[in-house]
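Number of protein chains: 4
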Amino acid sequence: MSLTDAQLAEIEANRAQRAETARPTVPALEAMLFAAIPVLDHGFVRVIDYMGDDAAIVQAARVSYGRGTRRVSEDAGLIRYLMRHRHSTPFEMCEIKYHVKLPIFVARQWIRHRTANVNEYSARYSILDREFYIPAPENLAAQSSVNRQGRGEVLGGERAMRVLDMLREDAMRSYDHYVEMLDEAEDGRPRDPENPGLARELARMNLTLNTYTQWYWKTDLHNLLGFLSLRADAHAQYEIRVYADAMAATVAAWVPAAYQAFQDYRLGAVTLSAQMLSVVKWMIAGEAPEQKASGLSKREWDELMAALGRTA
Amino acid sequence: MSLTDAQLAEIEANRAQRAETARPTVPALEAMLFAAIPVLDHGFVRVIDYMGDDAAIVQAARVSYGRGTRRVSEDAGLIRYLMRHRHSTPFEMCEIKYHVKLPIFVARQWIRHRTANVNEYSARYSILDREFYIPAPENLAAQSSVNRQGRGEVLGGERAMRVLDMLREDAMRSYDHYVEMLDEAEDGRPRDPENPGLARELARMNLTLNTYTQWYWKTDLHNLLGFLSLRADAHAQYEIRVYADAMAATVAAWVPAAYQAFQDYRLGAVTLSAQMLSVVKWMIAGEAPEQKASGLSKREWDELMAALGRTA
Amino acid sequence: MSLTDAQLAEIEANRAQRAETARPTVPALEAMLFAAIPVLDHGFVRVIDYMGDDAAIVQAARVSYGRGTRRVSEDAGLIRYLMRHRHSTPFEMCEIKYHVKLPIFVARQWIRHRTANVNEYSARYSILDREFYIPAPENLAAQSSVNRQGRGEVLGGERAMRVLDMLREDAMRSYDHYVEMLDEAEDGRPRDPENPGLARELARMNLTLNTYTQWYWKTDLHNLLGFLSLRADAHAQYEIRVYADAMAATVAAWVPAAYQAFQDYRLGAVTLSAQMLSVVKWMIAGEAPEQKASGLSKREWDELMAALGRTA
Amino acid sequence: MSLTDAQLAEIEANRAQRAETARPTVPALEAMLFAAIPVLDHGFVRVIDYMGDDAAIVQAARVSYGRGTRRVSEDAGLIRYLMRHRHSTPFEMCEIKYHVKLPIFVARQWIRHRTANVNEYSARYSILDREFYIPAPENLAAQSSVNRQGRGEVLGGERAMRVLDMLREDAMRSYDHYVEMLDEAEDGRPRDPENPGLARELARMNLTLNTYTQWYWKTDLHNLLGFLSLRADAHAQYEIRVYADAMAATVAAWVPAAYQAFQDYRLGAVTLSAQMLSVVKWMIAGEAPEQKASGLSKREWDELMAALGRTA
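Chains as they are written, first to last, in the working numbering: chain A, 3 to 314; chain B, 3 to 314; chain C, 3 to 314; chain D, 3 to 314.
Okay, structure coming up:
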């Protein structure tokens with residue numbers, strides 16, 4: 003994470019400001035407000051604002067006039083019920099806004115979640131910082147031999163060195179050429195006003211995909227949980243999963259009852275197809291079905307056995 | 003508006019609660035929080051929560067680390083620029099949540115605005131109140147003779163009386179029969195447990211469309227302004243326009259710079275087609291074009307003349 | 003279903019029209035095009051248009067240049083994989099458009115599915131038909147005693163008669179008064195031009211919620227399957243479930259591989275929470291856990307036992 | 003555009019396939035189906051499928067049983083009315099699907115239009131082609147001195163050469179290193195199975211932003227016109243505008259009446275703020291207002307004068 007002193011000072015100034023409000027307020031999340039949670043080598047996630055709390059979910063589900071009329075345990079029970087039965091609208095009543103700094107190739111995955119509001123730093127208008135994601139050696143994984151979109155072993159020493167050199171040098175050279183094409187003075191004006199450099203909207207195309215960008219990203223709790231269920235998952239690419247993990251911690255602080263229900267009924271849950279359910283029933287009846295006779299493909303069979311903790 | 007004493011007490015209790023927050027806070031909107039703004043005979047609009055302020059629009063547009071670094075006048079200038087050029091994403095960074103009580107036929111228009119989050123009071127699960135919208139006599143308009151979906155003159159005395167009688171009696175009889183079909187005791191259980199009444203999800207179909215329902219409705223500022231531009235417009239049906247007007251007052255309190263820009267560049271603006279623009283140019287050149295030669299249809303010509311304040 | 007002879011003739015004329023196209027075409031769905039599938043007493047569903055087929059799902063998932071390059075069995079395998087792992091975007095590449103006639107209280111549930119395009123018959127502009135949904139006696143269910151939003155036994159004879167009388171009479175009286183308020187001649191003009199009747203946008207509020215409306219409704223396959231998974235479910239209200247069932251038949255004709263995968267992995271599937279999964283593992287290990295010791299609530303326990311076919 | 007012979011053959015095979023359909027069919031668009039329209043140096047746009055036509059807009063607006071019951075001129079009149087009054091839902095009843103090959107930095111702008119369905123070629127799963135966008139010399143514009151996100155003059159000869167060299171060399175070197183990191187044989191398997199190369203999901207980060215990607219992109223006509231109004235505009239970046247222009251030609255072939263209305267009421271239209279309208283009224287009245295007294299900012303004044311064809 004590479005915040006300038008001026009940026010850190012601005013953040014601290016915001017954290018110190020206090021006002022009175024009659025809105026629902028969550029002290030555990032207030033304690034996190036504005037602070038940059040480091041992610042990857044130069045990235046971060048900051049909570050900028052939020053609306054609602056666990057009680058707001060209940061209040062909307064009941065369309066009630068006040069809040070806090072029932073006991074916390076009753077609220078948690080209703081929230082668990084809503085999560086279990088995949089009710090979505092009450093969770094949409096909470097909203098959160100993040101400021102995120104992230105590599106462009108991660109941003110390209112992230113933006114596929116459409117039900118969110120985004121303002122990205124514009125490289126048509128401004129100049130991107132000289133910051134690139136270079137993986138730590140332990141994250142430099144080889145292509146998986148079993149999963150076409152997964153990772154296998156960590157690359158060995160010399161090879162890893164060569165990869166890191168290429169990533170670093172290509173990113174830096176491309177960035178230096180970007181700056182050369184722009185040909186701007188410190189203040190962003192052309193060095194030679196008679197003869198300005200290449201338009202920013204063009205020069206940016208020379209940057210590599212590990213260059214960092216940043217954005218404000220705002221979404222509701224329902225869609226955020228959908229994001230987390232896909233991106234905090236073991237199948238997600240490591241470089242986006244670390245962002246999801248950082249955000250999950252903010253959600254746990256913000257709406258603890260909803261987050262617990264999410265862990266039990268979504269993150270830790272398993273969906274069994276009609277055929278898988280039949281196999282489970284046989285097994286409970288004491289039989290020992292085999293894949294061939296099960297009606298499941300080899301792949302589904304393996305998935306089921308893994309879910310039941312029975313890997314061969 | 004018909005809030006019970008218990009409801010009013012709950013609202014007052016919420017208004018009295020105060021907590022500290024580091025989030026952007028708008029005193030003028032805090033003063034309105036939770037209070038029911040009366041609309042129509044039994045309806046209301048209440049602001050339940052909000053996120054962001056004028057500065058948050060600017061902050062997102064600049065993807066900046068802090069807030070409040072520039073002068074208010076600069077912020078207002080940028081907001082006006084964003085509104086004029088129809089930038090949408092910075093305005094999406096503010097969010098507001100309302101509790102609304104409204105007749106079902108109004109709810110059916112309202113719900114067509116899809117980019118919003120809604121939790122409606124469920125008549126499958128609960129019993130609706132005995133409240134119907136009965137227009138005030140001065141709003142009892144005849145069908146327009148010029149506009150197939152508009153209103154004309156106010157109905158005359160005797161006729162108006164007859165209409166009001168029908169509306170009132172049909173709504174009341176339908177509601178009484180709804181209650182009879184349900185056959186429930188005070189506590190919502192069947193009067194005769196051996197022999198319960200009709201399912202709530204069925205009985206509700208007997209209600210008339212002027213019965214009141216209620217919902218929590220949450221949207222971002224960009225979509226709210228879209229809603230207001232359509233529903234606070236003179237062509238909107240009166241019964242939804244009064245809701246839009248009540249909400250417009252809350253927006254003016256919440257984000258005054260954005261609301262002023264909205265008034266100038268959206269509500270008070272006029273869009274001229276390519277052909278209309280040609281006519282305007284001729285007029286400025288001192289010519290006096292006529293409809294026939296203008297290339298405009300009669301209807302477009304009338305619209306243009308009205309916009310220019312030149313109604314025949 | 004109550005189509006006029008003129009409407010039936012128009013439908014037949016459309017069905018008879020044939021043109022050549024290079025687009026993907028599904029003969030089984032072509033055979034259903036435009037024809038009204040009756041639903042409830044006066045409602046229907048008609049397929050008006052469609053885009054794509056099973057192969058289009060595969061083509062988009064592979065971002066390929068042609069279609070039909072692989073064998074059908076391979077395509078079905080990929081579709082099953084996509085469905086099992088909840089990929090959504092390839093299914094969004096197919097689109098379908100329906101014309102639906104349905105009671106207003108059903109329309110109010112239906113419209114909650116926001117990711118769809120809708121054009122509803124406007125009662126501000128036009129006059130609704132004199133058609134109401136009156137349940138068949140076998141669908142006149144009592145309120146459930148165990149589920150606050152469900153149905154119990156069918157109402158007994160006399161009571162059912164009384165309910166049907168109320169529904170019928172209130173709907174008819176309200177409609178007759180609606181017509182009286184409008185005071186229009188056959189051609190839709192005021193009977194007395196000097197003294198026109200109540201504006202249509204107002205008069206409609208006197209109608210009951212079982213009045214039929216109609217709309218064009220268009221959505222993509224992913225969102226349609228989401229609609230079906232909620233509305234063709236046993237917990238859905240009967241009156242919307244019959245529409246979902248009628249549409250499910252059109253989907254089975256349109257994209258048979260996707261529909262089969264949907265049945266196996268969505269409709270017939272069960273999601274087990276982390277705690278439920280533990281219980282299942284114990285049972286497979288030959289133990290006989292009890293609810294109290296299971297960590298599951300009574301309700302969740304019952305749901306799990308029902309899924310495993312072990313209802314007490 | 004760089005299609006392989008196999009790809010061209012597949013496209014031709016698709017174009018030659020013909021089936022009968024009762025769906026609305028547009029011969030002028032059928033003639034364009036599947037064919038790649040070249041855009042930039044290696045990109046293209048191909049229409050893959052479509053749903054609806056001008057008559058379908060009218061049919062949905064009227065919620066009618068058949069199509070083609072009125073004359074074409076009446077339909078066009080209604081379409082113009084709908085466009086002028088910004089009705090959106092009837093235009094949503096038409097849908098179109100494109101296959102697009104485009105540079106990543108263009109894809110990043112494009113994806114901001116959220117109401118669309120997208121399947122992008124996955125660089126986690128597959129390997130991108132060795133194709134980069136290198137601007138033609140006449141498109142190598144300098145940064146604008148008046149507009150921070152615009153272009154100025156074309157770069158001079160030597161400087162242009164230097165820029166083109168950097169763009170070309172950096173893209174090629176980054177791509178070659180990408181291939182080296184992957185270390186795959188022709189068939190996509192590791193060259194050395196004991197020692198596979200870097201995971202694809204990681205190696206891709208070394209690519210530059212002018213590398214080409216491709217996707218299937220599907221949207222409805224209303225949202226497509228919104229896309230075109232922003233991206234076919236003179237203020238849009240040239241590299242996305244050429245895609246918008248290519249698509250505009252397909253829309254003109256597909257729904258000629260809607261496209262004509264779009265040109266008149268959207269593309270060629272001008273929106274005047276409340277203050278601008280006042281100035282226009284003064285001018286029509288024969289007065290000659292000046293900027294200072296007009297209430298308009300210098301910028302707005304210039305915009306108004308430009309719209310009126312009165313640039314100083």
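Ideal Cβ positions, reconstructed from N, Cα and C, are used throughout, including at glycine.
Short CB-CB distance (under 8 Å) between residue i and chain C
i                      : result
residue 261 of chain A : no
residue 107 of chain B : yes
residue 245 of chain D : no
residue 158 of chain A : no
Contact with chain B by residue i, beta-carbon distance below 8 Å
i                      : result
residue 19 of chain D  : no
residue 207 of chain C : yes
residue 200 of chain C : yes
residue 301 of chain C : no
Rounded separation between residue i and residue j - CA only
i                      : j                      : result
residue 270 of chain C : residue 275 of chain A : 6 Å
residue 164 of chain B : residue 158 of chain B : 10 Å
residue 47 of chain D  : residue 203 of chain B : 50 Å
residue 70 of chain D  : residue 258 of chain C : Confidence is the limiting factor: at residue 70 of chain D the pLDDT is only 49, short of 50, which leaves the residue's position unreliable and the question unanswerable from this model.
residue 24 of chain A  : residue 246 of chain B : 24 Å
residue 239 of chain C : residue 140 of chain C : 14 Å
residue 306 of chain D : residue 256 of chain B : 30 Å
residue 15 of chain A  : residue 77 of chain B  : 19 Å
residue 308 of chain D : residue 298 of chain D : 14 Å
residue 295 of chain D : residue 266 of chain B : 17 Å
residue 179 of chain B : residue 169 of chain C : 8 Å
Which of helix, strand or coil DSSP assigns to residue i
i                      : result
residue 70 of chain D  : Per-residue confidence for residue 70 of chain D stands at a pLDDT of 49, beneath the threshold of 50, marking its modelled position as unreliable; the derived number appears in the next sentence. DSSP places residue 70 of chain D in coil when its eight states are reduced to three.
residue 101 of chain D : strand
residue 137 of chain C : coil
residue 132 of chain C : coil
residue 153 of chain B : strand
residue 123 of chain C : coil
residue 192 of chain A : strand
First through last residue of the beta strand (DSSP E) which encompasses residue i
i                     : result
residue 51 of chain D : 45-53
residue 19 of chain A : Note, residue 19 of chain A: premise wrong, no beta strand (DSSP E); not H, not E.
Boundaries of the alpha helix (DSSP H) in which residue i is found, first to last residue
i                      : result
residue 59 of chain B  : 56-64
residue 252 of chain B : 240-256
residue 40 of chain D  : First-last for residue 40 of chain D: 39-41, but that is the beta strand (DSSP E), not the alpha helix (DSSP H).
residue 227 of chain B : 223-233
residue 31 of chain C  : 29-32
residue 111 of chain B : 106-112
residue 306 of chain A : 300-309
Short Cβ contact (8 Å threshold) for residue i with residue j
i                      : j                      : result
residue 215 of chain A : residue 109 of chain A : yes
residue 217 of chain C : residue 149 of chain C : no
residue 26 of chain D  : residue 51 of chain C  : yes
residue 186 of chain B : residue 193 of chain B : yes
residue 105 of chain B : residue 212 of chain B : yes
Within-8 Å CB hit, residue i to chain A
i                      : result
residue 235 of chain B : no
residue 174 of chain D : no
residue 220 of chain B : yes
Short CB-CB distance (under 8 Å) between residue i and chain D
i                      : result
residue 277 of chain B : yes
residue 252 of chain C : no
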